[in-house]
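> Have a look at this one.
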Amino acid sequence: MKPRISLITIGVDDLERSLAFYRDGLGWETEGIIGQEFEHGAAVFFDLSYGLKLALFSRRNIAHDSGVPLQPASATDFTLAHNVSSESEVDAVMAQAGQGGGKIAKPAGKTFWGGYAGYFQDPDGHLWEVAYNPQILPKDDV
Numbered sequence: 546m547k548p549r550i551s552l553i554t555i556g557v558d559d560l561e562r563s564l565a566f567y568r569d570g571l572g573w574e575t576e577g578i579i580g581q582e583f584e585h586g587a588a589v590f591f592d593l594s595y596g597l598k599l600a601l602f603s604r605r606n607i608a609h610d611s612g613v614p615l616q617p618a619s620a621t622d623f624t625l626a627h628n629v630s631s632e633s634e635v636d637a638v639m640a641q642a643g644q645g646g647g648k649i650a651k652p653a654g655k656t657f658w659g660g661y662a663g664y665f666q667d668p669d670g671h672l673w674e675v676a677y678n679p680q681i682l683p684k685d686d687v
């Protein structure tokens, strides 16, 4: 199988609340909630970099669509990382996330791997790392 991941969908408990966090709190652009005409279809999409998209979808609708029973949410099942070009940018993104309604899980600081990073959680508890790694700079900054 050739890896072609083009969409990351995260399950949320309140689509409106999550939309407000990502759109208004983080400033991400979106068309808003689409697919409401379908019983289990309401979703929000955000364009990320390099053609990748992030979708917000009700946890209940994911369970319905996949046929897998709804499970308790866990913040430590996976993390999403947002890499930036400087320590000050880490601080700025962390502040924006906190002011936008996110919960700071671990304030930014020096890391054991020689970088600078912090963690925040979105309103549903999904864990985001904001990191500056001088060895892995975002391609638009190389």
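Per our numbering, the sequence shown starts with residue 546, numbered consecutively. Backbone N, C-alpha and C define an ideal beta-carbon position, used for all residues, glycine too.
#1: Check whether the region 546 to 557 and the region 571 to 578 touch, using three or more Cβ-Cβ pairs below 8 angstroms as the test.
#2: Does Leu-682 come out as helix, strand or coil in the three-state DSSP assignment?
#3: Measure the Cβ-Cβ separation of Gly-670 and Ala-588 and say whether it is below 8 angstroms.
#4: How many angstroms separate the CA atom of Asp-610 from the CA atom of Lys-655?
#5: How should Leu-615 be labelled, buried or exposed, when 16 other C-beta atoms within 10 angstroms of its C-beta is the threshold for buried?
#6: For Gln-581, which residues of its own chain have a beta-carbon under 8 angstroms away from its beta-carbon, when the five flanking residues on both sides are left out?
#7: Name the one or two DSSP bridge partners that Ser-603 has.
#8: Would you tell me roughly how many angstroms separate the C-alpha atoms of Gly-643 and Lys-651, rounded to the nearest one?
#9: Helix, strand or coil for Tyr-567 per DSSP?
So, to answer that:
#1: no
#2: coil
#3: no
#4: 41 angstroms
#5: exposed
#6: Ala-587
#7: Val-557
#8: 11 angstroms
#9: helix
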